[in-house]
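Student: When we follow numbering that gives the first Met the number 0, the leftmost residue of the sequence shown carries the number 0, and every step to the right adds one.
No residue lacks a Cβ here, since even glycine has one placed at the ideal position from N, Cα and C.
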Amino acid sequence: MIEDTPRAGVSSGHGLTPSELVNSVLKTNIFGGYSKTQVDILLERAADVLEALLQENQELRRKGEEADKALEKYREVEESLRAALINAQKMGENMISSAKLQADALLEEARVARARAMFKMEKLPDALRAEISRLTDARDRLRDDLAALLQAHEELLARIPDAEAAADDYVARESSGSETFFDEEGVPEQAHEEKFLTPPRGQAGQDGYEQGNEYGYVNL
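(1) Can you give the Cα-Cα distance for glutamate 19 and glycine 32, rounded to whole angstroms?
(2) Who are the Cβ neighbours of leucine 134 in its own chain at under 6 Å, not counting the five residues just before and after it?
(3) Please state whether the Cβ-Cβ distance between leucine 80 and alanine 157 is less than 7 Å.
(4) Would you mind working out which of Thr36, Ala66 and Ala102 sits nearest serine 174, comparing C-alpha positions?
(5) Which value, in whole angstroms, describes the spacing of the CA atoms of alanine 102 and leucine 155?
(6) Is it buried or exposed for methionine 90, if we count other Cβ within 10 angstroms and need 16 for buried?
(7) Less than 7 Å separating the beta-carbons of alanine 109 and arginine 138?
(8) With a threshold of 7 Å between beta carbons, is arginine 138 in contact with chain C?
(9) Can you say whether leucine 70 is buried or exposed, counting buried as having 16 or more other CB atoms within 10 angstroms of its CB?
(10) Applying the criterion that 16 or more other CB atoms from any shown protein chain within 10 Å of the CB defines a buried residue, is methionine 94 buried or exposed?
(11) For lysine 194, which three-state DSSP category applies?
(12) Taking just the CA atoms, how far does alanine 82 sit from alanine 51?
(13) Roughly how many whole angstroms lie between the Cα atoms of leucine 106 and arginine 113?
(14) For leucine 145, does the count of other Cβ atoms within 10 angstroms reach 16, so buried, or fall short, so exposed?
(15) Quick one: grab the DSSP three-state call for threonine 16.
(16) Within 10 Å of its beta-carbon, does leucine 148 have 16 or more other beta-carbons around it, so buried, or fewer, so exposed?
(17) Between glutamate 92 and glutamate 77, what straight-line distance do the alpha-carbon atoms span, to the nearest angstrom?
(18) Are glutamine 88 and isoleucine 159 touching if we call contact CB-CB under 7 Å?
(19) So what's proline 160 in DSSP terms, helix, strand or just coil?
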């Protein structure tokens, strides 16, 4: 009698092959026809093999659906990382462009101020001449700080391709079957390990000029 309980997977040593099923030799009884006992045994073996194959097929289909869902999630993560890298690159380019414009304006203003000061230097009192000299030194310090800021932003942009390559490598590793943990915002925790350094906010100097605003730019 065929049991309804689940059976183990089909193995080469205990399963029923198509060749065995076709070439089975069944005894006949004296009244003609095949032996009922042997027919029942053969049918039970065939049913066992069919049941095991159906269960294996269902399990493979379930695993395939889970793999498709995981792959779709990895693709969404990849798109999010790519979009974040593009936005970071655009923001860095805008910051560099704005900083260069501000640097040009600062240098032009300093050039005009220096020419004007040199023109009137001989007619100014000593106290005013000293004040102009102090302001000139402050301007030179601001120019040096701005040059350092531009260099920092250029180094930041240079790191973006490496970050994109790391993101592609991360997605490739996750697609190969490694387990990933996501934070509350859906971002992989490994994505938080790399951080970009940005120039600190400036502090007011003794000469009263602001050395940098919250974005690291010089306020005139």
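Tutor: Per the coordinate set shown:
(1) 20 Å
(2) none
(3) no
(4) Ala66
(5) 19 Å
(6) exposed
(7) yes
(8) The structure shown contains no chain C; it is built from a single protein chain.
(9) exposed
(10) buried
(11) Residue placement at lysine 194 cannot be trusted, given a pLDDT of 45 that sits under 50; what the coordinates show is reported in the next sentence. Here lysine 194 sits in coil by DSSP.
(12) 47 Å
(13) 10 Å
(14) buried
(15) coil
(16) Classification of leucine 148: buried, given that the 10 Å Cβ count is 16 or more.
(17) Their backbone Cα atoms lie some 23 Å apart in a straight line.
(18) yes
(19) helix
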